[in-house]
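Numbering (the UniProt record's numbering), first residue to last: 1 to 368.
The beta-carbon is built from N, C-alpha and C at its ideal position, and this holds for glycine as well.
Note that the structure is a prediction, hence the values are computed from the model and not measured.
Notes follow once the structure below has been shown.
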């Protein structure tokens with residue numbers, strides 16, 4: 001008796017195929033006779049395309065540019081998507097910068113100026129707060145899909161004429177990864193919102209995200225806006241914020257200082273306070289107000305940071321100092337490259353090790 005053939009289970013749906021990301025802008029095919037007729041008809045009959053090119057460019061810029069665009073990621077780690085929405089702050093970035101230059105005496109949260117919390121209203125369109133009676137504005141890219149001629153004239157305008165704002169390093173890396181080379185080269189202005197305090201762990205993700213490879217992929221970046229929120233949460237390291245090494249520009253911002261490799265033309269830095277209401281309850285007794293940076297401290301720190309970012313990059317000097325300070329760290333028995341992986345609960349000798357580490361980091365990054 002012949003053996004029965006084993007029945008295989010039915011196949012499930014075919015796996016979804018993902019199209020490879022294009023490596024260049026849409027290449028329009030050479031128009032045939034029919035397409036030429038359509039193009040000629042559009043240029044003769046369309047009220048927009050009949051306008052001079054200079055007037056059309058002004059219309060395009062008004063519709064697609066001159067905005068601060070917040071960028072973030074949503075979804076799970078395996079399926080993250082980049083989302084964006086326009087800034088709805090009540091004051092502009094220039095007004096915020098002007099206000100930050102005025103010295104203020106702040107003793108409690110009610111005295112923190114408006115520019116410090118101006119972006120709290122700029123919530124994600126998908127968040128709960130954004131769905132309660134207030135709809136966030138987004139860039140409308142439908143204009144690029146209207147016809148071939150308009151696409152050719154406007155394909156890179158949204159990247160060239162807008163400022164992209166990031167409040168997390170994941171948003172920065174995901175956004176850059178979705179762009180093709182032409183779009184990355186067209187980027188002109190970035191805005192970073194980075195919290196800094198006397199414990200550097202909070203900025204390590206930023207330092208890991210802003211790598212030399214990422215910086216080299218942005219050759220057209222010319223404008224940088226830094227919005228740094230200053231908070232001091234830990235009493236046992238409070239004095240660390242007063243030593244010269246930390247006061248220098250290398251403190252917890254080596255990633256940002258990598259942008260010195262670019263030919264930046266305009267850099268503005270705002271240092272504001274993290275409201276005490278956002279500091280954990282267990283840390284509020286640690287003399288937050290008593291150890292705040294003075295206005296003079298901030299102005300000097302900001303001036304040094306701007307000077308370094310706007311100065312010319314010297315690759316040879318950088319490599320020499322790396323080798324020199326690696327020798328110093330090895331002689332002291334400290335692997336400064338691995339300091340950022342030190343456990344947070346490892347308190348043995350942490351003060352002296354961190355002072356030594358910051359001295360090396362600042363000497364390399366801040367005093368080229």
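| query | result |
| --- | --- |
| Cβ neighbour criterion (16 or more within 10 Å) applied to residue 51 | exposed |
| Secondary structure of residue 95, DSSP reduced to three states | helix |
| Closest Cα partner of residue 82 within the set 43, 160, 155 and 179 | 179 |
| Own chain partners of residue 86 with C-beta closer than 8 Å, once the 5 adjacent residues on each side are dropped | 67, 68, 69, 70, 136, 137, 138 and 139 |
| Residue environment, residue 254, which counts as buried when at least 16 other CB atoms sit within 10 Å | buried |
| Collapsed DSSP secondary structure at residue 71 in the structure displayed | strand |
| Cut-off 8 Å between Cβ atoms - residues of its own chain near residue 75, not counting five sequence neighbours on either side | 81 |
| C-alpha gap between residue 205 and residue 155, whole angstroms | 32 Å |
| Inter-stretch contact (C-beta, 8 Å, three-pair minimum) for the segment 57-64 and the segment 152-169 | yes |
| Of the residues 210, 222 and 270, the one placed nearest residue 257, counting alpha carbons only | 210 |
| Range covered by the alpha helix (DSSP H) that runs through residue 213 | 212-216 |
| Residue 59, buried or exposed, once every other Cβ within 10 Å from all chains shown has been counted against 16 | exposed |
| Neighbourhood of residue 306 by C-beta distance below 7 Å, restricted to the same chain and skipping five residues each side | 267 and 269 |
| C-alpha distance - residue 92 paired with residue 35, whole-angstrom precision | 45 Å |
| CA-to-CA distance, residue 327 to residue 157, given in whole angstroms | 48 Å |
| Straight-line gap, residue 120 to residue 89 (C-alpha atoms, nearest Å) | 8 Å |
| Assigned exposure category for residue 314 - 16 Cβ within 10 Å defines buried | exposed |
| Beta-carbon proximity of residue 116 to residue 272, cut-off 7 Å | yes |
| Cut-off 6 Å between Cβ atoms - residues of its own chain near residue 38, not counting five sequence neighbours on either side | none |
| Cα-Cα separation, residue 260 to residue 229 | 21 Å |
| Cut-off 7 Å between Cβ atoms - residues of its own chain near residue 310, not counting five sequence neighbours on either side | 264 and 267 |
| C-alpha gap between residue 320 and residue 297, whole angstroms | 30 Å |
| Start-to-end residues for the beta strand (DSSP E) that takes in residue 86 | 81-86 |
| C-beta atoms of residue 262 and residue 221 nearer than 7 Å | yes |
| Residue span of the alpha helix (DSSP H) that contains residue 160, given as start and end | 157-160 |
| Given residue 208 as reference, the closest of 169, 72, 57 and 101 once Cα atoms are compared | 169 |
| Start and end residues, beta strand (DSSP E) containing residue 146 | Segment: none, residue 146 is in no beta strand (DSSP E) and carries neither H nor E. |
| Straight-line gap, residue 294 to residue 188 (C-alpha atoms, nearest Å) | 33 Å |
| Whole-angstrom distance between residue 186 and residue 150, CA atom to CA atom | 18 Å |
| Residue span of the alpha helix (DSSP H) that contains residue 177, given as start and end | 169-177 |
| Residues near residue 171 by beta carbon distance below 7 Å, same chain, minus five either side | 71, 72 and 73 |
| Element boundaries [alpha helix (DSSP H), containing residue 43] | 33-45 |
| Coil, strand or helix - residue 297 by DSSP | helix |
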